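Asker: Attaching a single structure in structure tokens format; questions to follow.
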Amino acid sequence: MAKDFPSRAENYAQWYNDLVIKADLAENSAVRGCMVIKPYGYAIWEKMQAALDDMFKKTGHVNAYFPLFIPKSFFSREASHVEGFAKECAVVTHYRLKNDPEGKGIVVDEEAKLEEELIIRPTSETIIWDTYRNWIQSYRDLPLLINQWANVVRWEMRTRLFLRTAEFLWQEGHTAHATKEEAIEETERMLDVYSDFAENWMALPVLKGFKSPNERFAGALETYCIEALMQDGKALQAGTSHFLGQNFAKAFDVKFLNQSNQLEYVWATSWGVSTRLIGGLIMAHSDDNGLVLPPKLAPLQVVIVPIYKLPEQLAAITEKAVQIKNALEEKGISVKYDDRDTFKPGWKFNEYEFKGVPVRLAIGPRDLENGTVEVARRDTLEKAVFQITDIENKVINLLDKIQKNLFQKAYAFRENNTHQVDSWEEFCDVIENKAGFISAHWDGTPETEQKIKEETKATIRVIPLDAKTEHGKCVYSGKPSTKRVIFARAY
RNA sequence: CGGGGUGUGGCGCAGUUGGCUAGCGCGCUACGUUCGGGACGUAGAGGUCGCGAGUUCGAGUCUCGCCACCCCGACCA
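Residues 1 to 491, numbered by the numbering used here, are exactly what the first sequence covers, in order.
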């Protein structure tokens, strides 16, 4: 299958595109800008969903579902929100087709024009807050902690599989609280959930922090984010959590009676991660031999390949392989025994390597004699021979080791590609010649950020939560600054 | 929406100054030999050359128009 695809060094963008398609994760669809997520790619998403959903439930949230369509008027209620999304909204104007009177197929029935046009949701704050108005009367109704798994549409001009498509899958949490403090606490809690997920499931180290006003969500008072670094030195926003203040409560008139019998506006948060995470997962770990998946998200964790010449050998190997498979499955490991006779072992090795299966076991006649199995790990491509005794625990240990190794590798990469910079010359040099994160002082003004963006295409990715206070000078304007922020070019 | 590029079996491509039956590799089907890192042989199947006009005795090839996709920019998770 995928013998020839470019290395990361040759052409990183092409490497990514080819990998997504040749590893059977997704493909472009008949609809411009929209992708088909294929079973192997969707299986990764399902694993992500399962882990995240569990984390949401454990932090007290419940799932619900709101409509795909949003009345246009809802959108205009929150000024900065409309402004932020207006340019990328798909609009439904009619509800019926008819046969073309001139016999040229099917056309829109102009008589079936909607009285009020419907927006296809780019995000659901407006429809949800319009609904919450009826759900919230008293402090006893709060907090309201709801998540929805959904698709959304943002009409992007340029798209890339997983990283930016016109339609994508995500989850959006929308919560309502009685106090500002509680809402901020929720915003921060969910940021922690995201970083926990990124680091412990995706093996992707992330920086936690705030967005600058320029990068803030349309309608939010504060946007928190987790930001990751990809292998080409570009940043990827991996998740956002927004403190919305009372903006949406005011726009949709959502009030509650507090314990002192006073009417107050509700405090809000929203937070989301999308199928973009799959793009991040690919770009963070994969190599020139194909996909590399962290064991905790790999649809298939272990593959067993038999090596044989004669049918009798296969029969004996199969017996052993099925034993191992059962033992692993009992421990909750997903295993495939690939006994297809139509492909040679070498072909299978390459195939599973390309698809990022973390561990491969090979059993041949020699192993049968010695009571051994050949174990190959995808992350380092190392092979070793294990005694078959207690193989399930050995494999579990190995999977754990791979998971940790991927994180450590990615962490070391980020450390090696984060540059502390104190002059503008240095800043430009790093952006042009090294890429990666730049830690530098910023005077805190949107104007300076804008100038830097125009001159270098780098933006402030994150103002780290743990940034220590130190006195310095803005790398661009020379004005005083009290902490460093992280700049990078971004996806 | 600007700038560049590409449309030929499932995939990747070749096809000369217009010329006869449109080729090659991979993949696919059948049979046989193979099987510890992408095996080989033999025999097959598969194409209105993106669409529409035009020029010509003759168009994959030339002209005009359209469409689609990809890459680079402006917008963004």
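Think of the CB as a built atom: it goes at the ideal place given N, C-alpha and C, for glycine as much as any other residue.
Just so it is clear, the structure is predicted and the values come from calculations on it, not from any experiment.
Does the beta-carbon distance from W170 to F252 come in below 7 Å?
Answerer: no
Asker: Determine the DSSP secondary structure at E185, reduced to helix, strand or coil.
Answerer: helix
Asker: What number of angstroms, rounded off, separates the C-alpha of A467 from the C-alpha of I120?
Answerer: 39 Å
Asker: Can you tell me the Cα-Cα spacing of V193 and E215, whole angstroms?
Answerer: 21 Å
Asker: Note the first and the last residue of the continuous alpha helix (DSSP H) segment covering Y12.
Answerer: Y12 to K22
Asker: Since E88 and R164 should fall inside the 8 Å C-beta cutoff, what is the C-beta to C-beta distance between them, to a whole number of angstroms?
Answerer: Contact flag wrong, Cβ pair sits at about 11 Å.
Asker: For V266, is the classification buried or exposed, using 16 other Cβ atoms within 10 angstroms of its Cβ as the cut-off for buried?
Answerer: buried
Asker: Sort W201, E425 and N99 by Cα distance to A51 and report the nearest one.
Answerer: W201
Asker: Could you tell me whether the region 228 to 243 touches the region 268 to 276, using the rule of 3 or more Cβ pairs below 8 Å?
Answerer: yes
Asker: Could you round the C-beta distance between A435 and V485 to whole angstroms and report it? I think they count as a contact, below 8 Å.
Answerer: A435 to V485, Cβ: 17 Å. No contact.
Asker: Looking at the secondary structure, which residues open and close the alpha helix (DSSP H) in which A50 lies?
Answerer: P39 to K58
Asker: Given that a residue counts as buried once 16 or more other Cβ atoms are within 10 Å of its Cβ, and exposed if not, what is W347?
Answerer: exposed
Asker: Taking the Cβ atom as the reference point for each residue, do T175 and P143 lie within a distance shorter than 7 Å?
Answerer: yes
Asker: Quick one: what does DSSP say R8 is sitting in, helix, strand or coil?
Answerer: coil
Asker: Determine the extent of the alpha helix (DSSP H) in which G280 is found, giving its start and end residues.
Answerer: R276 to H285
Asker: Run through DSSP, which three-state label would A467 get?
Answerer: Here A467 sits in coil by DSSP.
Asker: Could you compute how far the alpha carbon of A384 sits from the alpha carbon of A13?
Answerer: 34 Å
Asker: Between which two residues does the beta strand (DSSP E) carrying K98 extend?
Answerer: L97 to N99
Asker: Three-state secondary structure (DSSP) at G33?
Answerer: DSSP places G33 in coil when its eight states are reduced to three.
Asker: If F5 and L19 are in contact, beta carbons under 8 Å, what's the gap, nearest whole angstrom?
Answerer: 7 Å
Asker: What residues in its chain sit with their C-beta under 7 Å from that of Q403, if we drop five residues either side in the sequence?
Answerer: A203, P294, P295 and K296
Asker: Starting from F210, trace the beta strand (DSSP E) both ways and give me its first and last residue.
Answerer: Here the beta strand (DSSP E) through F210 covers L207 to F210.
Asker: List the residues that DSSP assigns as beta-bridge partners of N63.
Answerer: Within the DSSP bridge table, the entry for N63 names N147 as partners.
Asker: Counting pairs of Cβ atoms below 8 Å between the region 353 to 364 and the region 312 to 326, do you hit three or more?
Answerer: yes
Asker: Just checking, does the region 106 to 124 make contact with the region 81 to 97 on the three C-beta pairs under 8 Å criterion?
Answerer: These segments touch.
Asker: Inspect the beta-carbon positions of T469 and K483 and report whether they are closer than 7 Å.
Answerer: Yes, Cβ-Cβ distance for T469 and K483 is below 7 Å.
Asker: Just list the residues that DSSP pairs S481 with in beta bridges.
Answerer: G472
Asker: Flag this pair as yes or no: are the beta carbons of P305 and V357 separated by less than 7 Å?
Answerer: Reading off the sequence shown, one finds Val at residue 305, where the question assumed Pro. No, the pair does not count as a contact, with Cβ atoms beyond the cut-off.
Asker: Please work out which residues of its chain come closer than 7 Å, Cβ to Cβ, to T179, disregarding the five sequence neighbours upstream and downstream, and give them in chain order.
Answerer: W267
Asker: With distances taken Cα to Cα, identify the nearest neighbour of I127 among R77, E156, L114 and E447.
Answerer: Checked all of R77, E156, L114 and E447; the closest Cα to I127 is R77.
Asker: Tell me the rounded alpha-carbon separation between L277 and S286.
Answerer: Rounded to whole angstroms, L277 to S286 spans 14 Å at the Cα level.
Asker: Could you give the residue range of the alpha helix (DSSP H) that holds T318?
Answerer: Run containing T318: P311 to E330, per the alpha helix (DSSP H) assignment.
Asker: What residue range is occupied by the uninterrupted beta strand (DSSP E) comprising S439?
Answerer: F437 to H441
Asker: For T131, which of helix, strand or coil comes out of DSSP?
Answerer: The answer is helix: DSSP assigns T131 an H, G or I state.
Asker: For K98, I'd like the list of residues in its chain whose CB is within less than 6 Å of its CB, leaving aside the five on either flank, ordered along the chain.
Answerer: D109
Asker: Kindly identify the DSSP beta-bridge partner or partners of L505.
Answerer: Outside the displayed range of the chain (1 to 491) lies residue 505, so it cannot be described from this structure.
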